[in-house]
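Residue numbers (the working numbering): 1 to 354. No residue lacks a Cβ here, since even glycine has one placed at the ideal position from N, Cα and C. Report on the structure given below.
Here it is, written out as structure tokens:
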């Protein structure tokens, strides 16, 4: 196991940004890694069981085959599969992928061929054949619509919760506080951010800054691009605790106690959220989200405070106890709990089909 070392200068520290959402192209790649895990995490099993339903597998099959060829187990996969534009959504990412210059396609697929034997259908892609690239884009879109899009609410809620924690760390301690909050996943030894990696690699930012991108399906270790000349990004796994779903039987009991809508708000606030994030997670208006949060605050279940231009809602100890089905200790009020190239991601034997 090696180490990724990301070198910052003073300008880089002023240009660290945190993405609002996962990158859909990276997420597709990570789902293939999850299919290859020898031991599957309990938090991914509900997703895995749903995507393995016969009605879904047909839509995934072509994209799964493409990804398993272009993103094999090993130390490398092509950067053109994860263009920076993917941070603006699937459409932008796929459009950028299809615009990849022929020279770059050829170079990156040549490098991939050093690590594995490629089938014949890859050659037209390497040559920049427009039809082959369109088929590639269509296969990836179909895969996304089956394997990721149906879980948008689940993924969005978990990522929003993680991002809220990262944002609070940034507000309290600046960039150093943000980096310190990633321990033990990453280690901040100014001016270098380190993490375990499949190979020893140094990424010198040189004033370009760094885009941190949360991922639901990434696990164990962050990943970055193979080419250090591309815009720097670091895709990191969200904390495992944010991926857990609430227990179904407890949720039903709270629904009966306080009504389905307010119960849903309480469960969503198991992960701190702003009013806007809460509305997005539950598919309700911001006004309705604010109204429900106010009612829960008046009942002593939620603490609300202004966070810049937003209003952040956090469960109190009493709210946490109610959500978890246990009696609170002490006070009933107050905030709760005041590969790339990656072998770590990409290793393992594929045992899941698809």
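Closer than 8 Å by C-beta to residue 301: which residues in its own chain qualify, once you throw out the five before and the five after it? Chain order, please.
Position 301 of the chain shown, counted from the start, is the residue given in the question as residue 301. Here the set comprises 266, 315, 316, 318, 319, 322.
Would the beta-carbon of residue 57 fall within 7 Å of that of residue 147?
Locating residue 57 in the chain shown gives position 57, counting from the first residue. Locating residue 147 in the chain shown gives position 147, counting from the first residue. Taking 7 Å as the Cβ cut-off, residue 57 and residue 147 do not qualify as a contacting pair.
Can you tell which of 75, 138, 18 has the C-alpha that lies nearest to the C-alpha of residue 61?
As a working mapping, residue 61 is identified with position 61 in the chain shown. The residue with the shortest Cα to Cα distance from residue 61 is 138.
Among 273, 123, 210, 289, which has the Cα closest to the Cα of residue 102?
Your numbering for residue 102 matches position 102 in the chain shown. Measuring from the Cα of residue 102, the nearest candidate turns out to be 123.
Indicate the three-state DSSP secondary structure (helix, strand or coil) for residue 26 in the structure shown.
Taking the chain shown and counting its residues from 1, the one referred to as residue 26 is at position 26. Three-state DSSP puts residue 26 in a helix.
Using 7 Å as the threshold, is the C-beta distance between residue 171 and residue 16 below it?
To locate residue 171, count along the chain shown from 1; it is residue 171. To locate residue 16, count along the chain shown from 1; it is residue 16. Taking 7 Å as the Cβ cut-off, residue 171 and residue 16 do not qualify as a contacting pair.
Under 8 Å by Cβ, that's how I've got residue 198 and residue 23 pegged, so tell me the actual separation to the nearest angstrom.
One-based indexing of the chain shown puts residue 198 at position 198. One-based indexing of the chain shown puts residue 23 at position 23. Rounded, the Cβ-Cβ distance is 20 Å, inconsistent with contact.
Would residue 74 and residue 200 be called neighbours here (beta carbons separated by less than 7 Å)?
Within the chain shown, numbered from 1, the residue matching residue 74 stands at position 74. Within the chain shown, numbered from 1, the residue matching residue 200 stands at position 200. Contact flag unset, no.
Here's a check: name, in chain order, each residue in its chain whose Cβ is nearer than 8 Å to the Cβ of residue 7, leaving out the five neighbours to either side.
Counting from one through the chain shown, the residue named residue 7 turns up at place 7. Excluding residues within five positions, the ones whose Cβ falls inside 8 Å are 191, 192, 202, 203, 204, 205.
Rounded to the nearest angstrom, what separates residue 126 and residue 284 at their Cα positions?
If you number the chain shown from 1, residue 126 lands on position 126. If you number the chain shown from 1, residue 284 lands on position 284. Taking the straight line joining both Cα atoms gives about 46 Å.
Taking residue 13 as the reference, give the member of 195, 176, 157 with the closest Cα.
Within the chain shown, numbered from 1, the residue matching residue 13 stands at position 13. Closest by alpha carbon: 176.
Look at the alpha carbon of residue 348 and the alpha carbon of residue 37, and state the distance between them as a whole number of angstroms.
Looking up residue 348 in the chain shown gives position 348. Looking up residue 37 in the chain shown gives position 37. Because the pLDDT of residue 348 is 44, which lies under 50, any placement of that residue in the model is unreliable, and the question is left without a value.
What would DSSP say about residue 388, mapped onto helix, strand or coil?
Here the chain comprises residues numbered 1 to 354, so residue 388 is not present and cannot be evaluated.
Nearest to residue 19 by CA position, among 155, 272, 220, 235, is which residue?
On the chain shown, position 19 is the one that residue 19 refers to. Looking at the Cα atoms, 235 is the closest of the given residues.
Near residue 338, what residues of its chain come up, given a Cβ to Cβ distance below 6 Å and the 5 sequence neighbours on each side ignored?
For the purposes of this step, residue 338 is taken as the residue at position 338 of the chain shown. With a pLDDT of 33 at residue 338, under the threshold of 50, the modelled position of that residue is not reliable, and the figure given next carries that caveat. Excluding residues within five positions, none has a Cβ falling inside 6 Å.
If you count every other CB in all the chains shown that lies within 10 Å of the CB of residue 34, and 16 or more means buried, which is it?
Walking along the chain shown from the start, residue 34 turns up at place 34. So residue 34 counts as buried.
Of the choices 71, 45, 28, 157, whose alpha-carbon is the least far from that of residue 94?
Looking up residue 94 in the chain shown gives position 94. Among 71, 45, 28, 157, the Cα nearest to that of residue 94 is on 28.
At 4 residues or longer, and completely inside the region 253 to 290: list those alpha helix (DSSP H) runs for me, N to C.
Taking only runs of at least 4 residues, the alpha helix (DSSP H) segments lying wholly in the region 253 to 290 are 260 to 268, 275 to 282.
In angstroms, rounded to a whole number, what distance separates the CA positions of residue 272 and residue 237?
Counting from one through the chain shown, the residue named residue 272 turns up at place 272. Counting from one through the chain shown, the residue named residue 237 turns up at place 237. Between residue 272 and residue 237, the C-alpha separation is close to 18 Å.
If you scan the region 116 to 165 from start to end, which runs of the alpha helix (DSSP H) of 4 or more residues do you find wholly inside it?
Taking only runs of at least 4 residues, the alpha helix (DSSP H) segments lying wholly in the region 116 to 165 are 122 to 126, 130 to 147.
Does DSSP put residue 113 in a helix, in a strand, or in coil?
On the chain shown, residue 113 is found 113 positions in, with the first residue counted as 1. Residue state, collapsed to three classes: helix.
Could you check which residue in 85, 132, 51, 281 has the C-alpha nearest to that of residue 105?
As a position in the chain shown, residue 105 is number 105, starting the count at 1. That would be 132, whose Cα lies nearest to the Cα of residue 105.
Secondary structure at residue 78, three-state DSSP: helix, strand or coil?
Along the chain shown, one-based indexing puts residue 78 at 78. Coil.
Sorted by chain position, which residues of the same chain lie with C-beta nearer than 6 Å to residue 66's C-beta, five sequence neighbours on each side aside?
On the chain shown, position 66 is the one that residue 66 refers to. If we look at residue 66 and ignore the five residues flanking it on each side, its Cβ neighbours are 139.
Mind checking whether residue 232 and residue 262 have CB atoms under 7 Å apart?
The count along the chain shown starts at 1 and reaches residue 232 at position 232. The count along the chain shown starts at 1 and reaches residue 262 at position 262. Result no, Cβ atoms of residue 232 and residue 262 do not sit closer than 7 Å.
Going straight from the alpha carbon of residue 242 to that of residue 164, what length do you get?
Reading the chain shown from its first residue, position 242 is the one you call residue 242. Reading the chain shown from its first residue, position 164 is the one you call residue 164. The alpha-carbon atoms of residue 242 and residue 164 are separated by roughly 11 Å.
Helix, strand or coil for residue 307? Go by DSSP, reduced to three states.
As a first step, residue 307 must be located in the chain shown, where it is residue number 307. Here residue 307 sits in strand by DSSP.
Can you pull the DSSP bridge partners for residue 187?
For this step, residue 187 is matched to residue 187 along the chain shown. According to DSSP, which records beta bridges pairwise, residue 187 is partnered with 194.
Do residue 275 and residue 289 count as a contact pair if the criterion is CB distance below 7 Å?
Position 289 of the chain shown, counted from the start, is the residue given in the question as residue 289. Position 275 of the chain shown, counted from the start, is the residue given in the question as residue 275. Cβ atoms of residue 289 and residue 275: closer than 7 Å.
Closer than 7 Å by C-beta to residue 311: which residues in its own chain qualify, once you throw out the five before and the five after it? Chain order, please.
The residue given as residue 311 occupies position 311 in the chain shown. For residue 311, where only same-chain residues beyond five positions count, the Cβ hits under 7 Å are 274, 275, 304.
Give me the residue from 154, 182, 72, 187 with the minimum Cα distance to residue 46.
Here residue 46 corresponds to residue number 46 of the chain shown, with the count starting at 1. Out of 154, 182, 72, 187, 154 has the C-alpha closest to the C-alpha of residue 46.
Once DSSP output is grouped into helix, strand and coil, what is the label at residue 71?
Residue mapping note: residue 71 aligns to position 71 of the chain shown, counting from 1. Here residue 71 sits in coil by DSSP.
For residue 44, collect the residues of the same chain with a Cβ closer than 7 Å to its Cβ; drop the 5 residues on either side in sequence, then sort them by chain order.
Along the chain shown, read from residue 1 onward, the residue named residue 44 stands at position 44. Hits under 7 Å: 34.
By alpha-carbon positions, which one of 70, 90, 143, 130 ends up nearest to residue 113?
Within the chain shown, residue 113 is the residue found at index 113, counting from 1. Comparing Cα-Cα distances from residue 113 to each of 70, 90, 143, 130, the minimum goes to 70.
Please go through the region 11 to 62 and give each complete beta strand (DSSP E) segment of 3 or more residues, from N-terminal end onward.
List check, beta strand (DSSP E) in window: 16 to 18.
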